[in-house]
Every structure is written in structure tokens, then in C-alpha cells.
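In our numbering, the protein residues as written are 42 to 177.
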């Protein structure tokens with residue numbers, strides 16, 4: 042909720058030491074009215090991103106992201122509420138990883154030592170036939 046752009050000289054002074062959380066899967070849906078734009082666009086997934094701050098708005102190496110489905114009956118408020126729950130999970134995780142010196146930025150990409158990534162994919166919406174087939 043800071044809602045201010047920092048000056049380039051300030052950001053450069055604190056390079057790789059300022060983090061931000063944004064309620065979308067950056068680089069998609071930068072800026073304001075994120076949830077409304079996600080729904081208007083018809084995206085099936087969205088989420089939130091913790092990233093290092095760069096002079097450009099909602100830009101910088103991505104530390105961590107969380108994904109949530111966009112439900113057929115979502116409005117901006119219901120979507121925002123689900124994303125906020127994920128923000129409360131990943132922001133402290135990112136801070137902890139930084140505090141434990143597990144984060145390294147190489148060529149504007151973040152490497153998180155000791156992290157694991159999920160395997161497989163998610164489909165939204167999933168058709169009943171596919172759910173039945175997966176259950177077998």
C-alpha cells in the first residue's frame with residue numbers, strides 16, 4: 042500500500058536491498074486496478090509477486106510468486122481477497138530467504154539456494170471428464 046515510485050537515485054543506492062509485493066504474476070498486469078484488468082482480460086490464473094525494486098514501476102528480478110485461479114464468479118474483491126492470503130504467505134518467506142542469505146541476483150535473475158519448484162501443471166477450468174480421468 043505504499044503506492045509511491047521511488048527516485049532512480051534512491052533505488053540505485055539500495056540496489057537489491059528493496060523489495061516490493063505486487064498483486065499479479067509480473068511482468069503481467071503492472072500498475073493499478075490489477076484485479077479488474079485480470080478479470081476483464083479473461084486470465085485463468087493470476088497471483089502475486091515479490092520482487093527486487095527497480096526504477097521502473099513493478100519491475101525487477103522476481104524472488105517468489107504464488108498462483109491462484111481466477112474463478113468464473115470472481116469479482117475484483119473476491120479475487121483480491123484470495124491473492125492477499127497468498128501475499129501473507131510469500132512475503133515473509135521471501136524476507137526469510139533474504140535474511141538467511143539464500144538469495145542471489147545474477148544477470149537480473151534471482152537464484153534461491155535450497156529452493157524447490159513444483160512439477161506438473163494446473164488447468165483452469167478443468168472439465169469434469171478430465172477430473173474423472175485423472176482420478177483413475
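Glycine is no exception: its CB is placed at the ideal position from the N, C-alpha and C atoms.
- Between residue 63 and residue 75, the C-beta spacing is below 9 Å.
- Sequence-distant Cβ neighbours of residue 165 in its own chain, meaning closer than 8 Å and more than five residues away, are 85, 86, 110 and 111.
- Taken through DSSP and simplified to helix, strand or coil, residue 93 comes out as strand.
- Residue nearest to residue 132 within the set 90, 57 and 58 is 90 (criterion: CA-CA distance).
- Collapsing the DSSP output to three states places residue 70 in coil.
- Counting only runs of 3+ residues, the beta strand (DSSP E) found wholly inside the region 127-169 occupies 144-147 and 150-153, in chain order.
- Sequence-distant partners of residue 127 (beyond 5 residues in either direction) whose C-beta falls short of 7 Å from its own C-beta, in its chain, are 88, 89, 107 and 109.
- Residue 143 sits close to residue 153, with the two beta carbons spaced by under 9 Å.
- Each of 51, 46, 134 and 155 was checked against the Cα of residue 98, and the nearest Cα belongs to 46.
- For residue 111, no alpha helix (DSSP H) encloses it, and the DSSP letter there is neither H nor E.
- When the alpha-carbon of residue 123 is set against those of 96, 137, 65 and 158, the nearest one is in 65.
- For residue 121, same chain residues with a beta-carbon under 8 Å away, outside a window of 5 residues either side, are 64 and 76 in chain order.
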